[in-house]
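J.:
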Amino acid sequence: MAPPTIFGAKSFNAAGSFAGLDFLPDGESLVALVPADGRTRLVRFRAQDGRLLDERTVAGAWKGMAILPDGGCFLWTREAIARLDAGDQVLWQIEAASGVSFAFVTAEQDGSLVAAYGSKSIAQLFDGHTGKRLHTVREPAGDIFAFVFSSDGSLFATGGEKGVVRLFDRKTRKELAQRKSTKVLALAFSPDGQVLAGGHGQGDVRLWQVPSLKPVSSFRGASHRFFKDYGRGEEDLGPAACRWLGFSPDGQCLLSQGNDNALRLWNLDGSLRRRVTIPHRHPQDPAMALSRDGRWIAAGSTPAALSVWNASGELVSDERSFTSAHAIALTASEVVLASDWAYSSWLRKDGTAKERARNGFPSAVVALRTGEMLVFDVSRVSLVNDVAKPGKELFQLGGDPRPGTMRLSHDGKTVAFPVDMSVELWDWQRGVRVGEIPHEDSVHACAFGYDDTWIVSVSDTIQMWRLDEFEQPVWTVRLEKDPQICGGVAVSPLGWIVVSIDRDNSNLYTDSALVFVDPRSGTATATLQHPGARLGQVAFVDATRAVVVDSSGRLLMADAEKGCWLDRPEPPAEDVNLPDLEVLPLAVSENGTEVAHLDAWQNIRVVRVEPQGTRSDRPFDFGIKKKTAEESKPAGMFEQRLAGAKFLFVGNFNSSEHAVRTTREFREETVRELGGTVAKTPKGITHFVAARKPYTKHSPTAAEIEVDERIAKGEKIIKLSEKKMIELLLPTFEEARAMLRGEIEGGLERWNRWRSRYRLLDGGFMHLPGIDLSGIDLRKADLRVMHFEEANLSGACLAGVDLYDCVFRGANLRGANLDGARCGRVNFTGADLREAKLGAELMGAVFDGADLRGADLRNAKLQYAKLEGAKLDGAKLPGSFSG
C-alpha cells in the first residue's frame, strides 16, 4: 500500500492513551505519560509548537508524574510511588499498604516531600529523597481530596469530602488554622504563600488569607457552571465542580478547571479574564499542568492529542483531534468524520478543517454520489451539503441504532439501520419507512447485497433476507460461539460476505475474528482469528479483498476466496498503550482504490490500495428477482389472510421483551379473526412462536425441539419471532385502508378493536405512507403514534382526535379539520396545510417547511411549536403568537 495521507492532529500527539503530564523546569518542553501493560513511555514535546522531540520507556504502568528541578521525576499509580533520576534509574519505590490506595499524589517543588492521599481519610507524607514515610495526617471529617505545599515549603494544606480546610506548619506538622466549607476538590497557594485558593464540588472558587484562613475580602467570588446553547443563547444549567487550581508566577491570575470542560482565568477581584473550552476528548477531570514560568497550560488524560494553551488562553495548535469516532465518509474532495462530540471535515487538497459541535450521542454519516451527505444525529436523519452546518431534516427513527451503522443501498435510494431487534429500511428522499425486518435478538449491523434485492444482518447469527419478503431469512449462519460485538458487515460486488466479530465484550480482553460467508450456500467458509485487538468496521475494495481496521489502528486485508489474511501488519510494540478496545470506523471510496480509517493516534489515514487486475466473474446468482406489484399483493384480506394456518404459541409471553410483549387475546383472537386456528400441541401446525425472556440464553422447550427436528426433515413449519408474529397479525396496508375508509361494515370499530388488542408502549402501531384518506371522517378512529408520511388527508375530519406523536411529513392535509385535536409533538414537516382548521393543541409540534397559507390557527396552542421555513401568508394566528 502507498504511504498514507493523514488528517487530524500531528502536534502534541503520539500512539496510545496519554495519562499524567508535566513541564520541564525551563518550560521549553512538555512530558506526557503513555502507560501500557507493565511499562510506560515518557513522550516529550516542544511546548511552543507540539513537535515530538523524543520518547523513552520505563518499567511500570504509571498514571501520574511530577518533574523535579534536577531532571528526575516522581511517578505514581494508585498502588505505588517511585522516584527516578534524570537517567530514568529508580532511586526508590514504595507500595501502598493493604487496603490503602494512593488515589492522589502531590510533590513539593524541590522534591523533598511527597504526599499521597484520597483513601482511608489520611494523607501520608514521604521523604522525597528516600521514600521513607515521615508522617500521617488524619482527617476526622471524611476523605482528603486536596493537598498542596506552599512554594517555600513552610506550609501545607488539606481539604476534602466534608469541606474542612486545614493549614499546617510543615516543620512541626501542627495545625495552624481550619475553615469549614463545602466539599473541596482542589487547593493552590499563591506564589508568595499569602493566599490559599480552594475549588469546590459545587463549582465555587474561593480565596483565603494565610495563615488565618479568613476570606480575602477583595475577591468577590467565582464559580464553574454548566452552560448550554439551545439556539437561544447560553443557558445556565447549574454548578460544575472545580477540579484543579493554579496561580500565575506573578500571583495576579488564578487558573481553574472544572467539570464544565472549561479552563477559566480569573483576576484576583473575582472577575473573569477568559473562559477557554477544553475539548471533549479530555474527561471532566483531566491531568493538568502549568509550566513554572507560567507560559503554558496543558491538559492530558486522552487517547487523542494533548491540549496546550499559552498564558492568554489561546491554543498552541488548532489541529482537530477527537475521540469516540463512529463513522467516516470519503469523497473526492473531503474526508468527514462523525464522532460523539462533533462532525469534522477536512479538504483533501490542503487539509483545511471545519467542525460542528454535537451533544454526545451516537452518530453516522454516509456520502452520496451528488457530493451531499446523509447524517444521523439523535434519531434524526438529515441531508447536508456542509457538515459544519445543520442540514434538512428528512425523517426520525423510532429507536436508536448502533453508532456508525447507517448503510446506503447501491442505487442510493434506501438507507438501512439496525434498530434494537429489527432492521429498518427508509426511502430517505421521501422520508418514508419502506420496510422493517424483525429479528429474535438485537441487531448489530447490516449491509445491502450487490443488487439491492437482498440484505445481510448480524445479530446472534448471520442472516440473509430477501428485500421483497421478510417472513423468513433465506438462510441463517450460527457461529460456534455467539458474537458479543460486531464491528461491521460488508458484501462484495461478487456477493461474498465478510463480518468482523468479537466473542468477548469486555474492555480488557478480546476474542476477535474475521468471518467470510458464501451466500450461495449460507455457510461460513473461513474464520480468521485476530488476537490482541478488536476488529472494527469492514469493507470490500474489490470482488474478493476485504479491509478491516482494528482497535490498535492497523489496517488489515484478507481474501474471501482464499480464506486468508493478505496484509496483516505486526502488532504494536508492547510499550504502546492502545485506547480501549473500541470499534474503529473505516470507509472505502466508491471505486475501491482508497481506504480511510482511524489510526492509533486517533487521526484519519487515507491509504491508496493497488488494484489486483480485472476480473470477468459474474456476480453470484441467487435466483432472487424483484416481485411485481401484482405478485406483492397479499393472498387475501381479513378472514381469508390466514385461512388454513395453524399456530402454536409456547412459553410465558408476559416475560418477553417489553417492546414485543403481547396478550393472549391479541395472539389467539387475531389469528382466529384472520381465518387461522390455534393449536395446543405441535401436531399439524404450520406456524410456531416461542416466547423469549430478554437478557437470558434461550432454552428451547420440548415442543420447540420437536418442531426443529421436523423442519430439519423437510416439513414446512414457519418459526416466527415475537416481533415477526406481531408484523403478521397487524393489519396489512390494504386492510388498514379498507377499515379507515369504511369500505367494510363496522370498519372503524374493527380498526379500534385491533388497536386496543395490542399497543407498543415505546413506538407506533404501523406505517401508512401514501394512504388515501381524503374526505374521510376519522373522528372516531384511534390514530395515536401513527405514521402518515405523504398521505392524502385533504378534507379529512380529524376534529377532537388524539394524534399524539403522529407523523404527517409531506402529507396533504389541505382543508382538513383538526379543531380540538390533541397534536402534541406531531410532525407536520413539509405538509400541505392550506386552509386547514388547526384550532388544536399543538404544543411541541413541528411545522418546518409546511404550507400554512390560509390556515386557521386562532384557537391553537402553539407553545414550543417549531415553524422554521413555514409559509404563513394569510394564516389566521392566535393573538398571543409572535412569530
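My numbering puts the first residue of the sequence shown at 251, with every later residue one more than the last. The C-beta atom is built at its ideal place from N, Cα and C for all residues, glycine as well. Bear in mind the structure is a predicted one, so any value in this text is a computation, not a measurement.
#1: Round the Cβ separation of Ala763 and Ile705 to the nearest angstrom and send it over; I've been treating them as touching at under 8 Å.
#2: Note down, in chain order, each residue of its chain lying with its Cβ closer than 8 Å to the Cβ of Gly1020, except the 5 sequence neighbours on either side.
#3: Within this structure, are the beta carbons of Val727 and Ala774 separated by less than 9 Å?
#4: Suppose the cutoff is 6 Å on Cβ atoms and the five residues either side in sequence are ignored; what does the same chain contact list for Thr620 look like?
#5: Hey, how far is the Cα of Ser567 from the Cα of Glu484?
#6: Taking 6 Å as the limit between beta carbons, can you name the residues of its chain near Asp1069, skipping five residues before and five after?
#7: Assuming Asp1101 is part of the alpha helix (DSSP H), what are its boundary residues?
#8: Apart from the five residues just before and just after Asp825, which ones in its own chain have a Cβ nearer than 7 Å to its Cβ?
#9: Report the partner residues of Cys323 according to the DSSP bridge assignment.
#10: When you compare the region 947 to 959 with the region 910 to 922, are there three or more beta-carbon pairs, one atom per stretch, that lie closer than 8 Å?
#11: Spatial neighbours of Leu1083 within its chain, please: CB distance less than 8 Å, with the 5 preceding and 5 following residues excluded, ordered by chain position.
#12: Have a look at Ser1006 and Thr913 and give me their C-alpha separation to the nearest angstrom.
#13: Rounded to whole angstroms, what is the Cα-Cα separation between Pro932 and His694?
#14: Nearest to Ala444 by alpha carbon, out of Leu457, Ala330, Gly451 and Lys433?
#15: Determine the direct distance from the alpha carbon of Ala577 to that of Glu622, and round the result to whole angstroms.
#16: If you draw a straight line from the alpha carbon of Lys1030 to that of Pro723, how long is it in whole angstroms?
#17: In whole angstroms, what is the alpha-carbon distance linking Tyr1008 and Asp718?
#18: With 16 as the cutoff for other CB atoms within 10 Å, does Gln679 come out buried or exposed?
#19: According to DSSP, which residues form a beta bridge with Asn517?
#20: First and last residue of the beta strand (DSSP E) that includes Met623?
#21: In chain order, what residues of the same chain have a beta carbon less than 7 Å from the beta carbon of Ala316, not counting five sequence neighbours either side?
#22: Once DSSP output is grouped into helix, strand and coil, what is the label at Ile961?
#23: Please name the residue, chosen from Ser551, Val797, Ile547 and Asp543, that lies closest to Gln534 on a Cα-to-Cα basis.
#24: Note down the Cα distance separating Ser574 from Asp1022, rounded to an integer number of angstroms.
#25: Can you tell me which of the three DSSP states Val706 falls into?
#26: State buried or exposed for Ser468, treating a residue as buried only when at least 16 other CB atoms are found within 10 Å of its CB.
#27: For Ala774, which three-state DSSP category applies?
#28: Exposed or buried, what is Val558 when buried is set at 16 or more other beta-carbons lying within 10 Å of its beta-carbon?
#29: Does the beta-carbon of Thr864 have 16 or more other beta-carbons within 10 angstroms, so that it is buried, or is it exposed?
#30: If we count the other Cβ atoms within 10 Å of its Cβ and call it buried at 16 or more, is Leu341 buried or exposed?
#31: If I follow the unbroken alpha helix (DSSP H) through Val856, where does it start and stop?
#32: When burial is assigned at 16 or more other CB atoms within 10 Å of the CB, is Val1076 buried or exposed?
#33: Here's the rule I'm using: 16 or more other beta-carbon atoms within 10 Å means buried, otherwise exposed. How should Gly448 be labelled?
#34: Could you give the DSSP three-state label for Val833: helix, strand or coil?
#35: Determine whether the beta carbon atoms of Arg475 and Val856 lie at a separation below 9 Å.
#36: In three-state terms, what does DSSP make of Arg456?
T.: The structure says:
#1: Within the sequence shown, the letter at position 513 stands for residue 763. Within the sequence shown, the letter at position 455 stands for residue 705. Incorrect: roughly 22 Å between the Cβ atoms, too far for contact.
#2: Along the sequence shown, one-based indexing puts residue 1020 at 770. Hits under 8 Å: Val682, Glu1039, Glu1040, Ala1041 and Asn1042.
#3: Taking the sequence shown and counting its residues from 1, the one referred to as residue 727 is at position 477. Taking the sequence shown and counting its residues from 1, the one referred to as residue 774 is at position 524. Against a cut-off of 9 Å, the Cβ pair of Ala774 and Val727 comes out as a contact.
#4: Your numbering for residue 620 matches position 370 in the sequence shown. No residues qualify anywhere along the chain.
#5: For the purposes of this step, residue 567 is taken as residue 317 along the sequence shown, with counting starting at 1. For the purposes of this step, residue 484 is taken as residue 234 along the sequence shown, with counting starting at 1. Rounded to whole angstroms, Ser567 to Glu484 spans 26 Å at the Cα level.
#6: What you label residue 1069 is simply residue 819 of the sequence shown in a count that begins at 1. Excluding sequence neighbours, Asp1069 sits near Ala1049, Lys1087 and Gly1089.
#7: Along the sequence shown, read from residue 1 onward, the residue named residue 1101 stands at position 851. Looking at the DSSP string, Asp1101 is not in any alpha helix (DSSP H), and its letter there is neither H nor E.
#8: Counted from its first residue, the sequence shown places residue 825 at position 575. Only weak support is given to the placement of Asp825: the predicted model assigns it a pLDDT of 42, under 50, and the value that follows is read from those uncertain coordinates. Contacts found: Ala286, Arg289, Arg291 and Thr307.
#9: Sequence index remark: in the sequence shown, residue 323 carries index 73 (1-based). Cys323 is bridged to Ile317 and Leu334.
#10: no
#11: Numbered from 1 along the sequence shown, position 833 holds the residue referred to as residue 1083. Only Leu1063, Arg1064, Ala1066, Phe1097, Ala1100, Asp1101, Leu1102 and Ala1105 meet the Cβ criterion.
#12: Position 756 of the sequence shown, counted from the first residue, corresponds to residue 1006. Position 663 of the sequence shown, counted from the first residue, corresponds to residue 913. Straight-line Cα distance between these residues: approximately 11 Å.
#13: Counted from its first residue, the sequence shown places residue 932 at position 682. Counted from its first residue, the sequence shown places residue 694 at position 444. Approximately 32 Å, taken between the alpha carbons.
#14: As a first step, residue 444 is located in the sequence shown; it is residue number 194 there, counting from the start. Residue 444 is actually Gln in this sequence, not Ala. Closest by alpha carbon: Leu457.
#15: As a working note, residue 622 is residue 372 in the sequence shown. As a working note, residue 577 is residue 327 in the sequence shown. Near 16 Å, if we compare the C-alpha coordinates of Ala577 and Glu622.
#16: As a working note, residue 1030 is residue 780 in the sequence shown. As a working note, residue 723 is residue 473 in the sequence shown. Roughly 39 Å between the two C-alpha positions.
#17: By 1-based counting over the sequence shown, the position of residue 1008 is 758. By 1-based counting over the sequence shown, the position of residue 718 is 468. Their backbone Cα atoms lie some 26 Å apart in a straight line.
#18: Walking along the sequence shown from the start, residue 679 turns up at place 429. The residue in question, Gln679, is exposed, as its Cβ has fewer than 16 Cβ neighbours within 10 Å.
#19: As a working mapping, residue 517 is identified with position 267 in the sequence shown. For Asn517, which the question treats as bridged, DSSP gives the partners Cys503.
#20: Here the question's residue 623 lines up with position 373 in the sequence shown. First-last of the beta strand (DSSP E) with Met623: Met623 to Asp627.
#21: For the purposes of this step, residue 316 is taken as the residue at position 66 of the sequence shown. So the list reads Asp272, Cys323, Phe324 and Ala357, once near-sequence residues are dropped.
#22: Position 711 of the sequence shown holds residue 961. If DSSP states are grouped into helix, strand and coil, Ile961 belongs with the helices.
#23: For this step, residue 534 is matched to residue 284 along the sequence shown. When only C-alpha atoms are compared, the closest one is Ser551.
#24: If you number the sequence shown from 1, residue 574 lands on position 324. If you number the sequence shown from 1, residue 1022 lands on position 772. Approximately 45 Å between the Cα atoms of the pair.
#25: Position 456 of the sequence shown, counted from the first residue, corresponds to residue 706. Strand, per DSSP.
#26: Position 218 of the sequence shown, counting from 1, holds the residue named residue 468. Exposed.
#27: Position 524 of the sequence shown holds residue 774. Residue state, collapsed to three classes: strand.
#28: Sequence index remark: in the sequence shown, residue 558 carries index 308 (1-based). Classification for Val558: buried.
#29: Start at 1 with the first residue of the sequence shown, and residue 864 comes out as number 614. Thr864 should be labelled exposed.
#30: Locating residue 341 in the sequence shown gives position 91, where the first residue counts as 1. By the neighbour-count rule (16 or more Cβ atoms within 10 Å), Leu341 is not buried but exposed.
#31: The count along the sequence shown starts at 1 and reaches residue 856 at position 606. That residue, Val856, is in no alpha helix (DSSP H); its beta strand (DSSP E) goes Ile854 to Arg858.
#32: On the sequence shown, residue 1076 is found 826 positions in, with the first residue counted as 1. Classification of Val1076: buried, given that the 10 Å Cβ count is 16 or more.
#33: Here residue 448 is taken as the residue at index 198 of the sequence shown, counted from 1. By the neighbour-count rule (16 or more Cβ atoms within 10 Å), Gly448 is buried.
#34: Reading the sequence shown from its first residue, position 583 is the one you call residue 833. Looking at Val833 - three-state DSSP - the assignment turns out to be coil, as it is neither helix nor strand.
#35: Locating residue 475 in the sequence shown gives position 225, where the first residue counts as 1. Locating residue 856 in the sequence shown gives position 606, where the first residue counts as 1. Not closer than 9 Å, so no.
#36: By 1-based counting over the sequence shown, the position of residue 456 is 206. Correct three-state label for Arg456: strand.
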